[in-house]
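Q:
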Amino acid sequence: MKRIVVIRLFLSFLFLAVLPAMAEVPTAEQVQTWTKEKVATFLQKYNLAYDEHDQALAQKAAEYQELAKDNAHYFGAKVNEFVDKAKEHLQKDQQASVHVDNIVADIRHRLRRLELQGALSRDNVDQSLEHVRRQLTQKKWITASHWHKIQKDIQAAFVPAEAVDHAWYQRILKPSPSKSGSQSLDRWLNNVRTHLAQLRVLTEDQVNQVVQQLRQAVTIHNLNKVASPHWYERLYHRLEKNANLSRSQLEDVKEVLSKQVSGFKVFASDYLGDKKDQATTWLDELHHQCDKAMVTTSGWMNDLLEGLGIRKKQGLLDHLNSGNHEKKKPRHAPLIPFSRS
Numbered sequence: 001m002k003r004i005v006v007i008r009l010f011l012s013f014l015f016l017a018v019l020p021a022m023a024e025v026p027t028a029e030q031v032q033t034w035t036k037e038k039v040a041t042f043l044q045k046y047n048l049a050y051d052e053h054d055q056a057l058a059q060k061a062a063e064y065q066e067l068a069k070d071n072a073h074y075f076g077a078k079v080n081e082f083v084d085k086a087k088e089h090l091q092k093d094q095q096a097s098v099h100v101d102n103i104v105a106d107i108r109h110r111l112r113r114l115e116l117q118g119a120l121s122r123d124n125v126d127q128s129l130e131h132v133r134r135q136l137t138q139k140k141w142i143t144a145s146h147w148h149k150i151q152k153d154i155q156a157a158f159v160p161a162e163a164v165d166h167a168w169y170q171r172i173l174k175p176s177p178s179k180s181g182s183q184s185l186d187r188w189l190n191n192v193r194t195h196l197a198q199l200r201v202l203t204e205d206q207v208n209q210v211v212q213q214l215r216q217a218v219t220i221h222n223l224n225k226v227a228s229p230h231w232y233e234r235l236y237h238r239l240e241k242n243a244n245l246s247r248s249q250l251e252d253v254k255e256v257l258s259k260q261v262s263g264f265k266v267f268a269s270d271y272l273g274d275k276k277d278q279a280t281t282w283l284d285e286l287h288h289q290c291d292k293a294m295v296t297t298s299g300w301m302n303d304l305l306e307g308l309g310i311r312k313k314q315g316l317l318d319h320l321n322s323g324n325h326e327k328k329k330p331r332h333a334p335l336i337p338f339s340r341s
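Under full-length UniProt numbering, think of the first position of the sequence shown as 1, with each following residue one higher.
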């Protein structure tokens with residue numbers, strides 16, 4: 001009986017602890033009741049282009065929030081499956097298991113960025129995780145055999161880049177989902193394509209051209225620029241040039257894209273998360289243990305900050321190192337340039 005009471009108390013505490021975090025994500029219905037100032041804050045948070053004189057801003061913000069929720073169905077399955085397997089391997093190594101949650105958070109962040117760029121191929125995943133492997137093996141936090149199992153999971157989960165059909169828009173037209181590294185992004189683009197086709201003002205070739213230009217535009221490295229005023233300006237210029245759209249057609253396309261892209265931006269921003277916040281969590285954990293292993297921790301932090309693309313914070317590093325560590329250039333996975341025509 002006491003055990004049941006303890007379990008109930010624990011579950012009640014857990015619910016109360018989780019409830020505030022759940023409340024941080026507004027529903028579409030809540031957004032519609034927001035004041036004009038709060039709606040503007042929401043749009044500015046995601047750097048979304050908007051007209052401050054638009055009387056329907058709250059309604060549009062609610063639509064973006066609802067679309068963001070729907071977009072979650074297109075992304076994450078393959079990444080989560082791989083990350084869960086990697087976590088199992090890491091937990092089997094005594095040293096790696098101490099930091100497993102933060103190591104996994106780093107791996108997940110790297111793969112989600114590749115996924116949003118439509119670049120979740122075997123080669124890109126292997127290259128992106130090479131930095132993680134190098135640091136873990138250097139610090140002897142994982143055995144070669146356990147990393148080899150992670151490597152086998154990479155081989156099984158992701159297809160080689162050369163196996164991808166580069167005529168991606170042809171795959172989009174097929175009813176079955178693509179198995180390429182751009183599978184998740186293709187699904188979202190396929191949904192956008194459906195909305196464009198429903199306009200009934202574009203030829204099939206024009207629809208394909210719009211989707212092709214959109215793909216290039218949303219896969220730029222700096223996600224924050226997506227759906228900004230300048231970003232739309234560049235996209236619409238490319239659409240006029242490459243899709244040969246009339247003024248009337250372009251206006252119809254703008255209405256679809258502004259809604260769909262804004263929903264994508266809200267989702268992608270929350271899905272990817274704040275890399276600096278993730279890094280700080282890992283940073284704090286490692287700093288807490290630096291008294292026991294000053295040299296090991298200091299080296300790990302330098303490599304971690306380099307891999308996450310964050311500039312070294314001089315005051316903190318002066319406390320941990322001698323200041324003589326050699327600076328290295330960060331490595332990044334190959335990106336799809338937006339400037340390509």
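Note that CB positions come from ideal geometry on N, CA and C, so glycine has one too.
1) Just checking my contact of ALA49 with PRO229 at CB under 8 angstroms: how many whole Å lie between their CB atoms?
2) Could you work out which residue in LEU43, ARG247 and ALA72 is closest to LYS60 when comparing CA atoms only?
3) For TYR46, does the three-state DSSP call read helix, strand or coil?
4) Name the two residues that bound the continuous alpha helix (DSSP H) containing THR137.
5) Which same chain residues, not among the five before or five after GLN170, have their C-beta less than 8 angstroms away from its C-beta?
6) I need the DSSP call for HIS53, collapsed to helix, strand or coil.
7) If you measure between the beta carbons of ALA157 and LYS78, is that distance less than 8 angstroms?
8) Using the C-alpha atoms, what's the distance from ALA119 back to ASN242?
9) Please state whether the Cβ-Cβ distance between ALA86 and ILE142 is less than 8 angstroms.
10) Rounded to the nearest angstrom, what separates ALA17 and LYS38 at their Cα positions?
11) Note the first and the last residue of the continuous alpha helix (DSSP H) segment covering LEU116.
12) Using DSSP with H/G/I as helix, E/B as strand and the rest coil, what is SER262?
13) Could you check what DSSP says for THR194 in three-state terms: helix, strand or coil?
14) Quick one: any contact between the region 230–239 and the region 192–201, if contact means 3 or more CB pairs under 8 angstroms?
15) Name the residue from LYS259, ILE150, GLN206 and ARG108 whose alpha carbon lies nearest to the alpha carbon of GLN249.
16) Give me the Cα-Cα distance between ASN71 and ALA105, rounded to the nearest whole angstrom.
17) How would you write the range of the alpha helix (DSSP H) that PHE82 sits in, first residue to last?
18) Output yes or no for whether 8 angstroms exceeds the beta carbon distance between LEU245 and VAL253.
19) Could you give the distance in angstroms between the alpha-carbon of GLN213 and the alpha-carbon of ILE103?
20) Ordered along the chain, which non-local residues of its own chain (more than five positions away) have a Cβ less than 7 angstroms from that of ALA58?
21) Can you find the residues in the same chain that come closer than 6 angstroms, C-beta to C-beta, to SER269, ignoring five residues on each side of it along the sequence?
22) Out of GLU66, LYS36, ARG110 and SER182, which has the shortest C-alpha to C-alpha gap to VAL266?
23) Using the C-alpha atoms, what's the distance from SER258 back to GLU29?
24) Buried or exposed: where does GLY273 fall if 16 or more other Cβ atoms within 10 Å of its Cβ makes it buried?
25) Using DSSP with H/G/I as helix, E/B as strand and the rest coil, what is ALA243?
26) Quick check: what's the CA-CA separation for LEU185 versus VAL159?
27) Please list, in chain order, all residues of the same chain as VAL226 whose beta carbon is under 6 angstroms from its beta carbon, the five residues on each side excluded.
A: The structure says:
1) Contact flag correct, Cβ pair sits at about 4 angstroms.
2) The candidate whose alpha carbon is nearest that of LYS60 is LEU43.
3) It is coil, neither helix nor strand.
4) Segment 122–138, the alpha helix (DSSP H) holding THR137.
5) With a pLDDT of 41 at GLN170, under the threshold of 50, the modelled position of this residue cannot be trusted; read the value that follows with caution. Sequence-distant Cβ neighbours of GLN170 in its own chain, meaning closer than 8 angstroms and more than five residues away, do not exist here.
6) In the structure shown, HIS53 sits in coil (DSSP, three-state: anything other than H, G, I, E or B).
7) Yes, Cβ-Cβ distance for ALA157 and LYS78 is below 8 angstroms.
8) Put simply, the backbone Cα of ASN242 is about 24 angstroms away from that of ALA119.
9) Taking the C-beta atoms as reference points, ILE142 is found no nearer than 8 angstroms to ALA86.
10) Confidence is the limiting factor: at ALA17 the pLDDT is only 36, short of 50, which leaves the residue's position unreliable, though a coordinate-based value still follows. Distance between the alpha carbons of ALA17 and LYS38 is about 26 angstroms.
11) Looking at the DSSP string, the run of the alpha helix (DSSP H) that includes LEU116 is 100–116.
12) Helix, per DSSP.
13) Three-state DSSP puts THR194 in a helix.
14) No contact exists between the region 230–239 and the region 192–201.
15) Nearest C-alpha to GLN249: GLN206.
16) Spanning the two alpha carbons is a distance of roughly 21 angstroms.
17) Its alpha helix (DSSP H) spans residues 77–91.
18) Yes, Cβ-Cβ distance for LEU245 and VAL253 is below 8 angstroms.
19) Approximately 35 angstroms between the Cα atoms of the pair.
20) Within the same chain, ALA58 has close Cβ partners VAL31, GLN32, TRP34 and VAL39.
21) Cβ neighbours of SER269 beyond the five flanking positions: TYR46.
22) Closest option to VAL266, Cα to Cα, is GLU66.
23) Cα to Cα, GLU29 sits roughly 20 angstroms from SER258.
24) Exposed.
25) The answer is coil: DSSP assigns ALA243 none of H, G, I, E or B.
26) In a straight line, the C-alpha of LEU185 is about 15 angstroms away from that of VAL159.
27) The beta carbon of VAL226 lies closer than 6 angstroms to those of VAL218 and LYS265 in the same chain, with the five residues before and after it left out.
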